[in-house]
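Trainee:
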Amino acid sequence: MGLLSVVCQSEIRAVLFVRLILSILLVAFVAACATPSPRDPARIDYRRANTSGPSPDVLRNPANCNPGDRYIVRPGDTLSEIAVECGLTTADLAHANGLYPPYELLAGQELTFPRPSSHTVRRGENLYRIGLRYNINYLDLAAHNGIAAPYAIEVGQEIRIPNGRVRTVSLEPPAVRDTPPRRPATRETPLTVESADPPPRREPPASSTAPVASGPVRFQWPIQGAILSTFGPKPDGRRNDGINIAADEGDSVRAAAGGTVVYAGGELQGYGELVLIRHEGGWVTAYAHNSRLLVAEGDRVEPGQLIAEAGSTGSVDTSQVHFEIRRGVTPEDPMGHLQGS
């Protein structure tokens, strides 16, 4: 293919996307990617039904459930089926909605999705992706479950979800330190994720960021090439949270808009060498599978600035760039925002 899915052989086993949108919104950017080929990167309580119609933000597909989202019950829905679809236990979903056995639901009734006590890893998921789903920094998830770098997880593994306060991710660049500048992270010099108090915000020139307007926000192409994998679900059930663009090894990868680098490193399984850039208006772009990174976390970049060299790192076999555009943590089809597309 998902910062935060990035072309990954195993859909995105990887995305997104890290201290970034990881330290960035990572909880709040990425994941999940598909490769050029298929390999890739609700019956509850006795409440009266809502007869006034669901609010615009009410979900109609339980597969999209995130903590705090609401879902409108359809005829035939059962609480247990909705819980399974959302990776929740029936008890968790019932408790969050004040429901008691026999959990009978009414068509039109609204359910609120809670944060579950645990998550069962599915094919194509990684800690980053799971963290995005539950609004938790993937590093917090790793620490809570005793998982060390490179944070590899397996299908069927139970990941415990913290119920207490979790670290929120700053949208500002790291504080400037009185130390020599770091070189961009590479496979030989992995990025060390550190916590830092953000400095006072500096307003960048209006021309250096993607504007937030009533129409689609426009970004520049990060690289020119054939589209290997498009945005969205795939026939095998996987999903690409971005697009995969063919490239030659070493080709220039450029910033799609001006902003601040919130992550630059190779710690996210499946993404290889990844760059995440935060733009004005809550937008985040991701550039994965690079061979070499030319920027470091905290750097300010201009539109079209060289940020990396294309490659085939991560879970892909051919040189390419997995590119994502996210509004907050929500991936959007890059083709609807790229100039000339």
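Counting in the numbering used here, the sequence shown runs from 59 upward without gaps.
Ideal Cβ placement from N, Cα and C applies to all residues, glycine included.
How is the beta strand (DSSP E) around glycine 308 delimited, first residue to last?
Mentor: Position 250 of the sequence shown, counted from the first residue, corresponds to residue 308. No beta strand (DSSP E) holds glycine 308; DSSP gives it neither H nor E.
Trainee: Are there 16 or more other CB atoms within 10 angstroms of the CB of leucine 364, so buried, or fewer, so exposed?
Mentor: For this step, residue 364 is matched to residue 306 along the sequence shown. It counts as exposed.
Trainee: Nearest CA to the CA of aspartate 309: which residue from Gly283, Gly330, Arg296?
Mentor: Here residue 309 corresponds to residue number 251 of the sequence shown, with the count starting at 1. Per the Cα distances, Gly283.
Trainee: Quick one: Cα of alanine 315 to Cα of alanine 368, how far?
Mentor: As a first step, residue 315 is located in the sequence shown; it is residue number 257 there, counting from the start. As a first step, residue 368 is located in the sequence shown; it is residue number 310 there, counting from the start. Approximately 18 Å, taken between the alpha carbons.
Trainee: Per DSSP, which one or two residues make a beta bridge with tyrosine 345?
Mentor: Translated into the one-based positions of the sequence shown, residue 345 becomes position 287. In the DSSP output, where bridge partners are listed per residue, tyrosine 345 has Val333, Phe381.
Trainee: Using the Cα positions of leucine 169 and proline 389, report the straight-line distance between them to the nearest angstrom.
Mentor: Here residue 169 is taken as the residue at index 111 of the sequence shown, counted from 1. Here residue 389 is taken as the residue at index 331 of the sequence shown, counted from 1. The alpha-carbon atoms of leucine 169 and proline 389 are separated by roughly 24 Å.
Trainee: Report the rounded CA-to-CA distance for valine 319 versus glycine 339, giving the unit in angstroms.
Mentor: Indexing the sequence shown from 1 puts residue 319 at position 261. Indexing the sequence shown from 1 puts residue 339 at position 281. Using only the alpha carbons, I get a separation of about 15 Å.
Trainee: What's the gap between the Cα of serine 176 and the Cα of glutamate 216?
Mentor: Against the sequence shown, residue 176 aligns to sequence position 118. Against the sequence shown, residue 216 aligns to sequence position 158. C-alpha separation (whole angstroms): 6 Å.
Trainee: Are the CB atoms of glutamate 355 and tyrosine 329 nearer to each other than 8 Å?
Mentor: Within the sequence shown, numbered from 1, the residue matching residue 355 stands at position 297. Within the sequence shown, numbered from 1, the residue matching residue 329 stands at position 271. Taking 8 Å as the Cβ cut-off, glutamate 355 and tyrosine 329 do not qualify as a contacting pair.
Trainee: Please confirm whether glycine 300 and histidine 380 have their CB atoms less than 8 Å apart.
Mentor: Translated into positions along the sequence shown, residue 300 becomes position 242. Translated into positions along the sequence shown, residue 380 becomes position 322. Result yes, Cβ atoms of glycine 300 and histidine 380 sit closer than 8 Å.
Trainee: Which residue from Arg181, Pro280, Leu351 puts its Cα closest to that of arginine 296?
Mentor: Here the question's residue 296 lines up with position 238 in the sequence shown. Here the closest residue by C-alpha is Arg181.
Trainee: Which one of Arg276, Pro159, Gly317, Gly362 has the shortest CA to CA distance from methionine 393?
Mentor: As a position in the sequence shown, residue 393 is number 335, starting the count at 1. Of the listed residues, the one whose Cα sits closest to methionine 393 is Arg276.
Trainee: Between the alpha carbons of alanine 305 and valine 387, how many angstroms are there, rounded?
Mentor: Against the sequence shown, residue 305 aligns to sequence position 247. Against the sequence shown, residue 387 aligns to sequence position 329. So the two alpha carbons sit approximately 27 Å from each other.
Trainee: Looking only at its own chain, which residues have a Cβ that is under 6 Å from the Cβ of aspartate 391, when we skip the five neighbours before and after it?
Mentor: One-based indexing of the sequence shown puts residue 391 at position 333. For aspartate 391, where only same-chain residues beyond five positions count, the Cβ hits under 6 Å are Phe289.
Trainee: In terms of residue numbering, what span does the beta strand (DSSP E) encompassing leucine 286 cover?
Mentor: Stepping through the sequence shown from its first residue, residue 286 is reached at position 228. 285-287 is the span of the beta strand (DSSP E), which, as asked, contains leucine 286.
Trainee: Just verifying my parser: in three-state terms, what is the DSSP assignment at proline 400?
Mentor: Because the chain here runs from 59 to 399, residue 400 falls outside it and cannot be looked at.
Trainee: Assign proline 239 to buried or exposed, taking buried as 16 or more other Cβ atoms, counted over all protein chains shown, within 10 Å of its Cβ.
Mentor: Indexing the sequence shown from 1 puts residue 239 at position 181. Unreliable positioning characterises proline 239 in this predicted model, as indicated by a pLDDT of 40, which lies under 50. The coordinate reading is nonetheless provided below. Proline 239 is exposed by the Cβ-count criterion.
Trainee: In the DSSP output, which residue or residues are listed as bridge partners for asparagine 302?
Mentor: Taking the first residue of the sequence shown as 1, we reach residue 302 at position 244. According to DSSP, asparagine 302 bridges with Ser287, His380.
Trainee: Report yes if the CB atom of leucine 430 is closer than 8 Å to the CB atom of leucine 164, and no otherwise.
Mentor: There is simply no residue 430 to check, as the chain begins at 59 and stops at 399 in what is shown.
Trainee: Using CA atoms only, rank isn't needed, just tell me which of Glu331, Phe171, Gly166 is closest to proline 148.
Mentor: The sequence position of residue 148 within the sequence shown is 90, counting from 1. Inspection of the sequence shows that residue 148 is occupied by threonine rather than by proline. That would be Phe171, whose Cα lies nearest to the Cα of threonine 148.
Trainee: Pull the bridge partners of alanine 322 from the DSSP assignment, please.
Mentor: Residue 322 sits at position 264 when you count from the first residue of the sequence shown. Partner(s): Val333.
Trainee: Which same chain residues end up closer than 8 Å to glycine 398 when comparing Cβ atoms and leaving out the 5 residues on each side of it in sequence?
Mentor: As a first step, residue 398 is located in the sequence shown; it is residue number 340 there, counting from the start. Within the same chain, glycine 398 has close Cβ partners Trp279.
Trainee: Among the residues of its own chain, which have a CB less than 7 Å from the CB of alanine 243, if the five just before and after it don't count?
Mentor: In the sequence shown, counting from the first residue as 1, residue 243 sits at position 185. Summary for alanine 243: the model assigns pLDDT 40, below 50, so the residue's position carries little reliability; its value from the coordinates is reported in the next sentence. The residues are Leu249, Ala322, Gly323, Gly324, Leu351.
Trainee: Considering threonine 148, what are the terminal residues of the alpha helix (DSSP H) in which it resides?
Mentor: The residue given as residue 148 occupies position 90 in the sequence shown. Looking at the DSSP string, the run of the alpha helix (DSSP H) that includes threonine 148 is 148-154.
Trainee: Grab the span of the alpha helix (DSSP H) containing alanine 200 for me, first residue to last.
Mentor: Position 142 of the sequence shown, counting from 1, holds the residue named residue 200. Start and end: 196-203.
Trainee: Using CA atoms only, rank isn't needed, just tell me which of Ala346, Asp357, Leu396, Gly362 is closest to threonine 376.
Mentor: Position 318 of the sequence shown, counted from the first residue, corresponds to residue 376. For the residues Ala346, Asp357, Leu396, Gly362, the minimum Cα distance to threonine 376 belongs to Ala346.
Trainee: Would you kindly work out how many angstroms separate the C-alpha atoms of isoleucine 281 and glycine 189, rounded to a whole number?
Mentor: As a position in the sequence shown, residue 281 is number 223, starting the count at 1. As a position in the sequence shown, residue 189 is number 131, starting the count at 1. In a straight line, the C-alpha of isoleucine 281 is about 29 Å away from that of glycine 189.
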